[in-house]
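Residue numbers (our numbering), protein chains in the order written: chain H, 209 to 643; chain L, 362 to 814. Heads up, the thing below is written out as structure tokens.
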């Protein structure tokens, strides 16, 4: 990765040093986590917002005006916040000093994070008469994660086959634009959705051609393709949509499909009353995992991404597979673009993806190039970005901008903390030249 | 460190000199004008490829203008009945757009008899638009030569702009010229800190700079637009409800360079000075040599005793400082539309345009200046094109991106124009300058979240 990690690399004699460095970095990050926990204990548990015996209301109905169902839960704010932040500090300390396996460490991280987040929510909503609407937060998070999931799956497919896809943002834009213009000029949502997917695939085809045939450096190429997509969609928006929005930019969204039975479960029932793209995104995660790790195609794809020369030797057509995978990945990120317009029933606007493509890329990296990990990171980032909406009515002293920054800061922290530990597919970003 | 690709540069050079050396000048006369002219039209001639790339990009732009013009496309419906209608309408679209592009960028023939201000107006606009692009292109180049891809220009220039703006509106006790100098320095320091953070994370923590810079861009953007401009320190009370800062005091504002009528400020002088400095840095300074060595082959540089971490941090500091200067000209320069105050969109996408400038200039300082002048001209002309020909300025972004893609893929240009692949050997072996990092095809040094394993 860089100086530090190359030093801790493959040579066996440096293994001891590497282990020592690993233990040290585990200790440092554990101590940092505990320190952050202590700060949270002071901030969330001991400030005036919670100290006067305030209670936090957790609403358990998606639509609070509805009669029947579960009533809200009221929790004493200070006690809960103190308990949760203490738990977080404990997790940090255990992580720092106890000899634990990687698996337990992962669980500890999860508990640490969850308790910090819940204590923050308890603090933020303390004393409010409305409280937090838990089902609504869940639905917002799930919906906010949809484009991130689709984008990171697209990036995953590309990187696993050895092509870096930084242009997810551009594919979102192109997909969103193609979807809305087709849907509103033909009047068919399905035609729009297909056009959106193809729009993403077209952008990915450009990426594939220039990366594989003309061997342009792929990160550079991705950035330039993002500029291109932003320019083309912005130009066409100005020329066609802004003057004639009624015919070309009128988005009707996909209507929700209620799954009988599941949709009447309390608290999470609303998750089963969403549109088809929503379901598709979540179904694609296990599908992608299965395809990548349990099928012949997946084995070949991973081989091409890790060691193309070896894959070529056993008769896999490296370049052909890369073309196919990258263009197919474009269908996924195009679908992410379709979600932004037809999925959310909103009109197209210039640069409307507003960085979601880059957050999807971050989710892929934080999720360490695995479908399940990317899914987890996407949900986490969706939660962080949508939380602002939930908190805007609560009048917290923390400005929304800082919450919106959270996914970016988490990503920086993760890549800085994991440093040499994260490893992308070995051939990712390297064009394959046969011969 | 086991990839075969890094050898490409040296290997190609070796191969070139090997083929050139054995057959010195047996049967070819030393100066054959036919050969020299034919050699102009080869894929190896960078200038020719660049020129053809610009032509291609303009052609694609013209196509887009016609395709998106509803009037003209309606005439296409009865093309076979009356092709002249469609063709003249399409020609009209294109010529009105590109002639106003030219008038806005270079000069307007109608002003030949006018005042000098009118005559030089467009060219001074071009220079003003080129100024931040020069800084940005140099910034990307410095990082690139050290093997790093700085996509964080947006964030670094925002932080630079915040610093410069703060000094500009609050340290009003400073006397005239000193106030401006301090404000400029503050902007440099701001960009430097934000860029240096990236270098530090890369060198010490192994965090990949592409990821970190992308994330830091959004952090800076949200920090500025979502919070800072609403605080009482920065927010302009006169503009209630708007996220806009107090205007910089007039002593901190960069003065006009060519008189009050022309739209160029002394930022251009800073840009030229920066170009000289960066050119000197690469050619003559010890650190510049180390930067190039690290960029070409980090492992070899490390073996030669160069402290790679230090070089990476230093090059990101310099890169950030240059980006900070964009923040300075964006806030304190004439390009600022809001009376020299800070607004959320202060970056105007320059952090990303800078990448295209650096690539087109092939990360060489004077190449960057040329590319910046071209893109500055497109920006200045695009502004007039938008008002005169009602063609959205977004087309300029498309043209810029296309130029860079075509230049990066000389093979494609060669295929389109049926250019000869290689120069005909005139017996004058090689003669190329020292190897530099190829901005388009390096495979070892830039690799998202990966790198030299």
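Yeah, the Cβ is synthetic: ideal placement off N, Cα and C, and Gly gets one too. Remember, predicted model here, so these are calculated numbers, not experimental data.
For residue 604 of chain L and residue 706 of chain L, the gap between their C-alpha atoms comes out near 10 Å.
Within chain H, the residues 443 have their CB atoms less than 7 Å from the CB of residue 425 of chain L, given in chain order.
Not a single C-beta of chain L is nearer than 8 Å to the C-beta of residue 540 of chain H. Separation of residue 607 of chain L and residue 641 of chain H (C-alpha to C-alpha, rounded to the nearest whole angstrom) is 56 Å. Contact holds between the stretch 374-382 of chain H and the stretch 433-443 of chain H, because three or more Cβ pairs, one in each stretch, are under 8 Å apart. Of all C-beta pairs linking the stretch 362-372 of chain H to the stretch 573-584 of chain H, three or more are shorter than 8 Å, placing the two stretches in contact. Here residue 266 of chain H is bridged, per DSSP, to H/281 and H/340.
Cβ neighbours of residue 297 of chain H within its own chain (closer than 8 Å, five residues either side excluded): 242, 245, 246 and 249. For residue 317 of chain H, the uninterrupted alpha helix (DSSP H) segment begins and ends at 310-332. Proximity of chain H to residue 510 of chain L at the Cβ level (cut-off 9 Å) is accounted for by 425, 427, 428 and 431, in chain order. For residue 594 of chain L, no alpha helix (DSSP H) segment is defined, and its DSSP state is neither H nor E.
Contact between residue 537 of chain H and residue 357 of chain H does not hold, since the beta-carbon distance rounds to 13 Å and is not under 8 Å. Between the alpha carbons of residue 576 of chain H and residue 398 of chain H lies a gap of roughly 34 Å. Residue 467 of chain L sits in coil when the DSSP states are folded into three classes, being neither helix nor strand. Assigned with DSSP and collapsed to three states, residue 492 of chain L falls in helix.
In this structure, residue 609 of chain L and residue 702 of chain L form a Cβ contact; the two beta carbons are roughly 7 Å apart against a cut-off of 8 Å.
Boundaries of the alpha helix (DSSP H) harbouring residue 434 of chain H: 426-444, taken from the DSSP string. Listed along chain L are 759, each with a C-beta nearer than 7 Å to that of residue 440 of chain H. Beta-bridge annotation (DSSP): residue 606 of chain L is paired with L/596. Contact check for residue 637 of chain H against residue 372 of chain H passes: the beta carbons are separated by less than 8 Å. In the three-state DSSP reduction, residue 475 of chain H falls in the coil class, being neither helix nor strand. Residues of the same chain with a CB within less than 8 Å of the CB of residue 474 of chain L, apart from the 5 flanking positions on each side, do not exist. CA-CA distance, residue 256 of chain H to residue 481 of chain H, rounds to 40 Å.
Here residue 756 of chain L has 422 as same chain residues with Cβ atoms under 6 Å from its own Cβ, once five neighbours each way along the sequence are excluded. Under the three-pair Cβ rule at 8 Å, the stretch 530-550 of chain L does not count as touching the stretch 560-572 of chain L. Taken through DSSP and simplified to helix, strand or coil, residue 479 of chain L comes out as helix. Between residue 497 of chain L and residue 399 of chain L, the alpha-carbon positions lie close to 36 Å from each other. For residue 418 of chain H, the neighbours in chain L by C-beta distance under 9 Å run, in chain order, 766, 769, 770 and 773. Residue state for residue 559 of chain H is assigned as coil, using DSSP reduced to three classes. For the stretch 556-573 of chain H, residues whose beta-carbon sits nearer than 7 Å to a beta-carbon of chain L comprise 563, 566, 570 and 573. The beta carbon of residue 489 of chain H lies closer than 7 Å to those of 354, 357 and 358 in the same chain, with the five residues before and after it left out. DSSP lists H/481 as the beta-bridge partner residues of residue 466 of chain H. Listed in chain order, the alpha helix (DSSP H) runs fully inside the stretch 403-449 of chain L are 407-428 and 431-437, counting runs of at least 4 residues. Residue 783 of chain L carries a coil assignment under DSSP once its states are collapsed to helix, strand and coil. Around the CB of residue 779 of chain L, fewer than 16 other CB atoms lie within 10 Å, so the residue is classed as exposed. In chain order, 442, 443, 444, 445, 446, 447 and 450 make up the part of chain H whose C-beta sits under 9 Å from the C-beta of residue 753 of chain L.
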